[in-house]
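S.K.: I am attaching a structure below and will ask some questions about it afterwards.
Numbering (the numbering used here), first residue to last: 3 to 161.
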């Protein structure tokens, strides 16, 4: 390649301009995520918003940092228990396979997600369980709330 040919594709952007461009793209992605889809269930979305309002992280780094190891281990244990209870609740009329998939996915991905993203996905699991039926929600949320409150007292979760 000649020097002239490669110089056509090289450009230097000022650092401030690059940061502004990246922020712009992040805003577009954020808006895309918030835009309702025809595939979104409005009932699940409403339930998810209710749960998210109840369980939020007040940490300054909640949008970009993951939970510390103790909290990740607690969440892993909790999500494993949720998966087990859901698997045991499968009947002809009760089919929580989608919730099990969400829970299993969160178990494997929680270490690479921010605190807020983990809480958002847990809220979605609870919302789907609530829509499926209060009996499932009782199993994975109301019954488990005692343990969540204990962890809250220990300072693991902001309530």
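Glycine included, C-beta positions come from ideal geometry on N, C-alpha and C.
If you compare alpha carbons, which of 85, 135, 93, 92 is closest to residue 124?
M.R.: The residue given as residue 124 occupies position 122 in the chain shown. Checking every option, the nearest Cα to that of residue 124 belongs to 85.
S.K.: Is residue 30 buried or exposed, if buried means 16 or more other CB atoms sit within 10 Å of its CB?
M.R.: The residue given as residue 30 occupies position 28 in the chain shown. Exposed, by the Cβ-count rule.
S.K.: Taking its Cβ as the centre, do 16 or more other Cβ atoms sit within 10 Å of residue 114, making it buried, or is it exposed?
M.R.: On the chain shown, position 112 is the one that residue 114 refers to. Label assigned to residue 114: exposed.
S.K.: Mark residue 34 as exposed unless 16 or more other C-beta atoms lie within 10 angstroms of its C-beta, in which case mark it buried.
M.R.: Here residue 34 corresponds to residue number 32 of the chain shown, with the count starting at 1. Residue 34 comes out exposed.
S.K.: Are residue 138 and residue 131 closer than 8 Å when you measure CB to CB?
M.R.: Numbered from 1 along the chain shown, position 136 holds the residue referred to as residue 138. Numbered from 1 along the chain shown, position 129 holds the residue referred to as residue 131. Cβ atoms of residue 138 and residue 131: closer than 8 Å.
S.K.: When the Cα of residue 117 is compared with those of 74, 102, 44, which residue comes out closest?
M.R.: By one-based count along the chain shown, residue 117 stands at place 115. Ranking 74, 102, 44 by Cα distance to residue 117 puts 74 first.
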